[in-house]
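Written below as structure tokens is the structure these notes are about.
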Amino acid sequence: MDSNLTLCVQVNTLENHSLTKKKAANSGVVALSGYEFQRNCALFLLLDNYDSFKDKDYFLCIEHYDDFLFCYRTADSTQVEKIEAYQAKKKTGALWTIDSAMGEVLGKMLEAGHDLKNDPIPKSPDYVQELTFISNTEQDYFYNPKKAEMEQGKIAQKVLISEANELIKFDELPLDIQEKACNYIQCFYEKYDLDDHQDGLCDVRFQFIELQKTPQRQKEALYGLMQNKFPHIVDSKAAVDVLLELFRNVEYTYNQGNDVQLMDTSKRVEGHEIGNTLVILDEKQKTYDFWRDFSADFSKQVSFPIKVVLKPEQHISDTFELLKDMNNFSYQVIKSYVKTHDYMSKGTLGEMFNDYLIDIKKSHHTNLSDADILLAILCSFVEHYC
2 MDSNLTLCVQ VNTLENHSLT KKKAANSGVV ALSGYEFQRN CALFLLLDNY
52 DSFKDKDYFL CIEHYDDFLF CYRTADSTQV EKIEAYQAKK KTGALWTIDS
102 AMGEVLGKML EAGHDLKNDP IPKSPDYVQE LTFISNTEQD YFYNPKKAEM
152 EQGKIAQKVL ISEANELIKF DELPLDIQEK ACNYIQCFYE KYDLDDHQDG
202 LCDVRFQFIE LQKTPQRQKE ALYGLMQNKF PHIVDSKAAV DVLLELFRNV
252 EYTYNQGNDV QLMDTSKRVE GHEIGNTLVI LDEKQKTYDF WRDFSADFSK
302 QVSFPIKVVL KPEQHISDTF ELLKDMNNFS YQVIKSYVKT HDYMSKGTLG
352 EMFNDYLIDI KKSHHTNLSD ADILLAILCS FVEHYC
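Heads up: the sequence shown begins at 2 in the numbering used here, then just goes up one per residue.
Encoded structure:
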């Protein structure tokens with residue numbers, strides 16, 4: 002039997018899956034529990050490479066065209082100049098190989114890549130994209146020639162993508178391994194009567210990510226990475242959980258009109274949201290530390306309820322959330338007043354906070370309690386002066 006025909010027979014025995022993320026446009030609601038690895042993988046890449054992200058104008062999409070995307074805009078924020086699309090899969094037992102299952106994965110990636118190129122979002126003239134298959138299981142790609150092929154001079158080829166060799170482009174694979182993959186991709190296309198998008202193979206990459214197999218171990222790795230990359234954020238667990246919640250919010254969102262488009266802002270986590278979240282987490286920690294170090298002094302002149310004294314972290318955290326709400330007029334007034342009025346020449350911290358309280362109440366009518374105003378003053382003071 003012809004080798005290509007044999008491959009196609011193997012592919013046709015696969016379970017009939019939906020073809021691409023585009024075909025099942027609400028990628029955020031079906032089988033939610035299966036997406037945890039994808040979220041963890043996206044956050045790991047973001048944290049591990051945050052120095053290269055932080056100064057760029059970018060957004061992240063979850064379950065939109067592919068498992069997740071990093072999209073980078075031009076300096077003037079008017080066009081997309083690069084997209085990094087990831088197909089993230091975990092696997093237990095055997096390693097990944099070039100077989101019918103991988104042919105299906107690559108076929109779907111190529112179709113997603115074709116759709117990304119044709120997405121109506123404005124793109125720069127120099128637009129580029131990368132389509133990456135990423136897994137925490139090693140990828141063992143090999144070619145073993147048959148006897149007749151060996152007589153023609155063919156030799157065995159092998160590429161292992163692992164911790165020691167984390168990333169390789171498709172066109173860097175030995176030609177015989179490339180051809181083997183192309184045969185499986187072609188059979189996948191023939192099975193579903195799909196257009197051939199193998200011209201996009203130049204965008205394909207394979208990557209190994211060092212994440213543990215279980216969700217809990219993956220979370221522990223993220224906590225450790227957060228602590229290593231952001232040592233000033235003491236509660237690394239809370240920081241990771243907050244960022245993952247940002248990801249969940251867009252992951253669980255239906256695509257508008259069941260239509261996948263990058264212009265759909267409801268499926269994005271903007272880079273500035275991630276940056277602001279990290280800044281707020283840092284400010285919260287600084288405020289916790291300030292309270293711990295100085296509350297015994299300023300509480301002699303400024304009275305806080307027992308509930309605040311017993312659980313200051315919770316009330317400080319709640320206050321930061323209220324200050325973050327641009328529609329909360331009273332809290333924005335307090336934040337602005339503290340920012341524009343420097344009272345640090347006062348004799349003591351207690352006198353300073355008390356004078357802020359008196360003057361803010363004189364200048365602005367509010368239904369907030371004195372304790373709520375003082376907490377807002379405290380958080381705003383640490384943010385702007387400490």
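Cβ coordinates follow ideal geometry from the N, Cα and C atoms, glycine included. Everything numeric in this text was worked out from a predicted model, so none of it was measured.
>> Going by DSSP in three states, residue 121 sits in which element: helix, strand or coil?
In response: coil
>> Tell me which residues share the same chain as residue 110 and place their Cβ nearer than 6 Å to its Cβ, disregarding the 5 neighbours each side in the sequence.
In response: 88 and 132
> Just curious, the alpha helix (DSSP H) that residue 188 is in, first and last residue?
Replying inline: 176-193
> What are the residues that DSSP puts in a beta bridge with residue 317?
Replying inline: In the DSSP output, where bridge partners are listed per residue, residue 317 has none listed.
> What are the start and end residues of each continuous beta strand (DSSP E) run of 3 or more residues lying completely inside the stretch 46-98, in chain order?
Replying inline: 59-65, 67-74 and 81-89
> Out of 304, 347 and 350, which has the shortest C-alpha to C-alpha gap to residue 371?
Replying inline: 304
> What are the residues that DSSP puts in a beta bridge with residue 168?
Replying inline: 208
>> I need the DSSP call for residue 106, collapsed to helix, strand or coil.
In response: helix
> On the three-state DSSP scale, how would you describe residue 336?
Replying inline: helix
> Where does residue 343 fall in DSSP's three states?
Replying inline: coil
> Which one of 74, 361, 296 and 243 has the shortest CA to CA distance from residue 322?
Replying inline: 243
>> Quick check: what's the CA-CA separation for residue 158 versus residue 146?
In response: 9 Å
>> Just to confirm, is the Cβ distance from residue 59 to residue 116 under 9 Å?
In response: no
>> Which complete alpha helix (DSSP H) runs does the stretch 250-302 hold, if anything under 4 residues is left out?
In response: 272-299
> If you draw a straight line from the alpha carbon of residue 139 to that of residue 126, how long is it in whole angstroms?
Replying inline: 36 Å
> How many angstroms separate the CA atom of residue 300 from the CA atom of residue 351?
Replying inline: 7 Å
> Per DSSP, which one or two residues make a beta bridge with residue 384?
Replying inline: DSSP, once it has assigned bridges, lists no residue as partnering residue 384.
> Distance, Cα to Cα, residue 261 vs residue 200?
Replying inline: 22 Å
>> Quick check on DSSP: helix, strand or coil for residue 158?
In response: strand
> Is residue 374 buried or exposed, if buried means 16 or more other CB atoms sit within 10 Å of its CB?
Replying inline: buried
>> Just to confirm, is the Cβ distance from residue 317 to residue 278 under 9 Å?
In response: no
> In whole angstroms, what is the alpha-carbon distance linking residue 120 and residue 356?
Replying inline: 56 Å
> Taking the alpha carbon of residue 343 as the point to measure from, which residue in 386, 361, 314 and 349 has its own alpha carbon closest?
Replying inline: 386
>> For a test of the three-state rule: what should DSSP assign to residue 306, helix, strand or coil?
In response: coil
> Who are the Cβ neighbours of residue 298 in its own chain at under 8 Å, not counting the five residues just before and after it?
Replying inline: 349, 350 and 351
> Helix, strand or coil: which one does DSSP assign to residue 29?
Replying inline: With a pLDDT of only 40 at residue 29, under the threshold of 50, the placement of this residue in the model should not be trusted, and no figure is reported.
> What residue range is occupied by the uninterrupted beta strand (DSSP E) comprising residue 36?
Replying inline: From DSSP, residue 36 is part of no beta strand (DSSP E); its letter is neither H nor E.
> Hey, how far is the Cα of residue 378 from the Cα of residue 221?
Replying inline: 35 Å
> Going by alpha carbons, who is nearest to residue 76 out of 50, 124, 216 and 194?
Replying inline: 124
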